[in-house]
Each structure stands twice: as C-alpha cells, then as structure tokens.
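Undergrad: If you count the sequence shown from 1, position 166 lands on 166 in full-length UniProt numbering, and the numbers rise without skipping. In this text, a Cβ means the ideal position worked out from N, Cα and C, and glycines have one as well. The structure is given below, and queries will be raised subsequently.
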Amino acid sequence: MHDHAIPERLLPHLTASSHILDVGCGHGELTHLLAAHVVGLGGQASQVVGVDLSFDSDATSHPTSPTTPDGTHTQPAFTEGSILDLPFSNDSVDVILASQVLHHVTDPVAALRECSRVLRPGGIILAKDLDFGAMTWYPPHPGLSRWRAVFTVAASLENMEPNGGRHLPTWCTKAGLDIEHVGGDLQTYGTTDNRAAFAEKWSDRVDEDRFRDKAARALGDPDGPTGAMSTSAIEQMLAGWREWSETPGAVMTMPIIEVLARLPR
Numbered sequence: 001m002h003d004h005a006i007p008e009r010l011l012p013h014l015t016a017s018s019h020i021l022d023v024g025c026g027h028g029e030l031t032h033l034l035a036a037h038v039v040g041l042g043g044q045a046s047q048v049v050g051v052d053l054s055f056d057s058d059a060t061s062h063p064t065s066p067t068t069p070d071g072t073h074t075q076p077a078f079t080e081g082s083i084l085d086l087p088f089s090n091d092s093v094d095v096i097l098a099s100q101v102l103h104h105v106t107d108p109v110a111a112l113r114e115c116s117r118v119l120r121p122g123g124i125i126l127a128k129d130l131d132f133g134a135m136t137w138y139p140p141h142p143g144l145s146r147w148r149a150v151f152t153v154a155a156s157l158e159n160m161e162p163n164g165g166r167h168l169p170t171w172c173t174k175a176g177l178d179i180e181h182v183g184g185d186l187q188t189y190g191t192t193d194n195r196a197a198f199a200e201k202w203s204d205r206v207d208e209d210r211f212r213d214k215a216a217r218a219l220g221d222p223d224g225p226t227g228a229m230s231t232s233a234i235e236q237m238l239a240g241w242r243e244w245s246e247t248p249g250a251v252m253t254m255p256i257i258e259v260l261a262r263l264p265r
C-alpha cells in the first residue's frame with residue numbers, strides 16, 4: 001500500500017540533478033510523481049528509477065504523468081531487482097524512497113545497508129512503513145481480530161515483520177544511517193465510501209488462494225486451505241470486514257511511521 005503523494009519531508013532534498021530510486025515501487029505511482037517533480041525542477045525523468053521484483057504493464061504505461069503541460073516527457077525508468085541486491089553501482093544515487101516495502105523483507109537491516117551501498121555519501125533515505133499491530137477499529141469484531149492475528153503469524157512464519165513501522169528507527173540505526181527525522185501519520189477510514197473501498201481491498205486479499213494457503217499454515221490446519229478450520233476462519237474474516245464496513249459510524253485507523261535518514265559522509 002502506497003500513499004499516492006511524494007512525502008513532504010523528501011521534497012527539500014530533491015533537486016534538478018538528483019538521481020532517485022523508488023525501491024519496492026509497486027505499480028509506480030510514486031515513481032511517476034517523482035519523475036514529474038524532477039522534470040518540473042529542470043531535471044530529466046530518467047533520473048528517477050522505480051525498482052521492484054517484477055512489473056506488469058501498469059508501471060510502464062501509467063496514465064497520470066506521461067508529459068508536463070508543455071509536452072516534456074516525464075516517463076521514469078523501471079528495472080527489476082531486489083532491495084537486497086540492487087542492480088546499481090556504488091555511490092550512484094542521491095535519494096532513495098522505500099515506501100511500504102521493508103515489512104515485506106526478511107532482513108530489513110541488510111536491505112538498508114544495500115541501499116546505503118548505492119547512495120552517495122550524504123545521500124538521503126526516506127523509509128515509510130505500516131504498523132499492523134497498532135491498528136485500531138470500532139466496533140470490535142472477532143473476524144477482524146482473527147484476521148490480524150492470522151496475518152501476523154503468517155508473516156512471522158516467512159520471517160517478515162508486519163509491525164515494521166515501529167522498527168524503522170532501529171533498523172536505520174543498525175544499518176549505520178544517521179536519523180534526521182522520525183514522524184508519521186494516521187490513515188483513517190470512517191466514511192461510508194472509504195470504509196467500503198478499504199474493506200473490499202482487504203476482503204479480496206483474504207479471499208485469494210495465496211492468503212488462504214498462508215492462513216492454513218498459520219492456523220496449523222492439517223487439511224490445508226480447504227480444511228474446516230481454515231474455511232471457518234476465512235469466512236469469519238470476510239464477515240468481519242463486511243460487517244465493519246456496513247456499520248454506520250464504524251472507524252479504523254492505520255498508523256504509518258516515517259524515518260528520514262542520511263548516509264554519513
């Protein structure tokens with residue numbers, strides 16, 4: 001999940017000459033915004049590169065920023081690669097954005113050290129991540145509680161950290177970065193429309209075969225994803241999302257922690 005806006009803390013560090021990586025860029029929404037911003041400063045869109053393990057056509061044909069009003073090309077570059085093994089030379093990048101990616105990584109400190117390798121001395125990393133364990137919702141529902149518990153166990157079984165937000169400052173420190181700012185914001189879902197959209201997104205994920213497989217492992221269901229235990233749990237989770245979204249006055253909050261850090265010179 002990406003916030004579809006360039007983080008404000010990053011803006012003062014972007015110049016016409018900045019070379020920027022958006023690691024774990026997903027569909028490339030932020031990558032395109034960064035490219036348009038750099039072009040607006042007088043730079044080239046190609047100075048911005050989105051990196052992810054794989055891409056579909058959305059990343060390379062994004063409709064929102066193909067040109068500026070004067071027709072200037074703002075298509076960034078995209079390349080496949082892992083944050084643990086970036087396909088770039090040492091000291092070649094000025095700014096790295098890692099938004100909602102480190103909680104997916106089995107070794108976030110190693111990932112940040114790899115980012116540091118390609119950063120020029122004095123370069124900037126801005127990392128943002130969710131903290132599922134600090135989510136709140138009202139009214140309470142056992143299906144949502146079970147969803148978070150199963151999600152957390154499933155992530156832990158894959159050596160991932162679903163509460164990545166709270167770990168960001170420690171991870172950055174262990175990677176040898178100098179922290180310049182720690183902040184955050186709170187995504188809030190409380191209107192009829194945004195509750196429905198958020199619940200639909202997570203219901204779709206819960207209903208995917210991939211999540212069902214992970215849930216079965218997390219639950220220890222000997223019969224796998226089609227077993228009675230797993231099937232009942234998935235049904236309860238889906239009911240939780242549906243009933244929460246349809247409850248007037250219901251609300252959910254999702255904290256996002258942000259760290260701005262610099263590679264020492």
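In whole angstroms, what separates the C-alpha of A122 from that of D91?
TA: The count along the sequence shown starts at 1 and reaches residue 122 at position 122. The count along the sequence shown starts at 1 and reaches residue 91 at position 91. Residue 122 is actually Gly in this sequence, not Ala. One C-alpha to the other measures close to 10 Å.
Undergrad: From G165, E80, D22, pick the residue whose C-alpha is nearest to that of L53; which is it?
TA: Residue numbering aside, residue 53 sits at position 53 when the sequence shown is read from its first letter. Of G165, E80, D22, the residue nearest in Cα terms is E80.
Undergrad: On the DSSP bridge assignment, give the partners of P264 in chain order.
TA: In the sequence shown, residue 264 corresponds to position 264, counting from 1. DSSP, once it has assigned bridges, lists no residue as partnering P264.
Undergrad: Relative to the C-alpha of G165, which candidate in R195, H4, A155, G183 has its C-alpha closest?
TA: For the purposes of this step, residue 165 is identified with residue 165 of the sequence shown, where counting begins at 1. Out of R195, H4, A155, G183, G183 has the C-alpha closest to the C-alpha of G165.
Undergrad: Could you say which of H167, H13, S116 lies nearest to L86 if we only look at CA atoms?
TA: Translated into positions along the sequence shown, residue 86 becomes position 86. Cα-wise, what sits closest to L86 is S116.
Undergrad: How about A218 and V150: are their beta carbons less than 8 Å apart?
TA: For the purposes of this step, residue 218 is taken as the residue at position 218 of the sequence shown. For the purposes of this step, residue 150 is taken as the residue at position 150 of the sequence shown. It is a contact, given that the beta carbons lie within the stated cut-off.
Undergrad: If I'm right that G188 touches T253 with Cβ under 8 Å, what's the distance once you round it to whole angstroms?
TA: To locate residue 188, count along the sequence shown from 1; it is residue 188. To locate residue 253, count along the sequence shown from 1; it is residue 253. Checking the sequence shown, residue 188 turns out to be Thr, not Gly. Right, the Cβ-Cβ distance comes to about 5 Å (below 8 Å), so this counts as a contact.
Undergrad: Where does M1 fall in DSSP's three states?
TA: For the purposes of this step, residue 1 is taken as residue 1 along the sequence shown, with counting starting at 1. Bear in mind that a pLDDT of 40 at M1, under 50, signals an unreliable position, so the number given afterwards is only what the model happens to contain. In this structure, M1 counts as coil in the three-state DSSP scheme.
Undergrad: Counting only the same chain and skipping the five closest in sequence on each side, list residues whose C-beta sits under 6 Å from that of V118.
TA: The count along the sequence shown starts at 1 and reaches residue 118 at position 118. Only L86, F88, S92, V93 meet the Cβ criterion.
Undergrad: Starting from E208, trace the beta strand (DSSP E) both ways and give me its first and last residue.
TA: Residue 208 sits at position 208 when you count from the first residue of the sequence shown. First-last for E208: undefined, no H or E at that position.
Undergrad: Hey, L34 and V51: beta-carbon distance below 8 Å or not?
TA: Your numbering for residue 34 matches position 34 in the sequence shown. Your numbering for residue 51 matches position 51 in the sequence shown. Not a contact, by the Cβ cut-off of 8 Å.
Undergrad: Does the region 19-35 come within contact of the region 131-148, defined as at least 3 CB pairs closer than 8 Å?
TA: The region 19-35 vs the region 131-148: no contact.
Undergrad: I'd like to know if T79 contacts chain B, where contact means its C-beta is closer than 8 Å to some C-beta of that chain.
TA: This model lacks chain B altogether; it includes just one protein chain.
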